[in-house]
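So in this note's numbering, spot 101 of the sequence shown is number 106, and the numbers just go up one at a time. From the three backbone atoms N, C-alpha and C, an ideal C-beta is built for every residue, glycine too. This report concerns only the one structure given below.
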Amino acid sequence: MTTEDQITTEPTEQLVEEVTEVAEAAPDQEIDPVVALTADLQRLQAEYANYRKRIERDRAVAHELAIGSVLTELLVILDDLDRAAEHGELTGGFKAIADHMNALTTRLGLEKYGSEGDAFDPQVHEALLHDTSSEVTVPTTSKILQPGYKYKERILRPARVAVTDPESE
């Protein structure tokens, strides 16, 4: 008998013993052992199905957290690559590496967000500078100091922005 056979037969043998004990303890009541065993088997199958679903869900969450933590560590490199591209320092082999790095993070699901003119949202933006202007009607991001990144609806880093509020009268 293998270990797997022991795992599957031991609970069944234990249930048969329990049902037999209950039947012997109450001889005046009729307990159908097949019905009792069937009910116990259905309960065990439901528990096992719930266990499998919970394990799969936990495994998926752990997978997403692991990818998210790796992507968070790569944000510094992506910022350096963006600054180098802004100054025209990405040429030749370094440009190819930057392109591969950006393609890889995009394929993994990393999304860059934040652009000038967006409405300020404290859930996804971090205000570092503040100004007022009569040209805006709602708090607006006037400059992106550092782009924000998210992975599957989870903010890895908020966009760091300058905010322009409407002038109060």
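Could you check where the beta strand (DSSP E) with residue i kicks off and where it finishes?
i           : result
glycine 153 : 153 to 156
Kindly indicate which three-state DSSP category residue i falls into: helix, strand or coil?
i             : result
threonine 137 : strand
glutamate 116 : strand
leucine 2     : Lying before the first or after the last residue shown, residue 2 is absent from the chain, which here runs from 6 to 174.
threonine 110 : helix
aspartate 94  : At residue 94 the sequence reads glutamate, which differs from the aspartate that was named. Here glutamate 94 sits in coil by DSSP.
glutamate 121 : coil
glutamate 22  : helix
alanine 167   : strand
Starting from the C-beta of residue i, find all residues in its chain whose C-beta is less than 6 Å away, skip the five residues before and the five after it, and write them out in chain order.
i             : result
glutamate 172 : Thr137, Ser139
Looking at residue j and residue i, is the spacing between their C-beta atoms short of 8 Å?
i             : j             : result
histidine 130 : alanine 164   : yes
threonine 110 : leucine 76    : yes
tyrosine 118  : lysine 155    : yes
leucine 113   : isoleucine 60 : no
Go to residue i, then tell me how far its alpha helix (DSSP H) extends in each direction, as first and last residue.
i          : result
proline 38 : 38 to 91
Pull up the CB-CB distance for residue i and residue j, whole angstroms please, since I reckon it's below 8 Å.
i         : j          : result
leucine 4 : leucine 83 : Limits of the chain in this structure are 6 at one end and 174 at the other, which puts residue 4 out of reach.
Which residues in the same chain have their Cβ closer than 7 Å to the Cβ of residue i, if we skip the five residues on either side of it in sequence?
i          : result
lysine 148 : Glu121, Val166, Ala167
Keeping to the same chain, check which residues put their C-beta closer than 8 Å to that of residue i; ignore five residues upstream and five downstream.
i              : result
alanine 124    : Val143, Pro144, Thr145, Thr146
asparagine 107 : Leu83, Leu86
glutamine 50   : none
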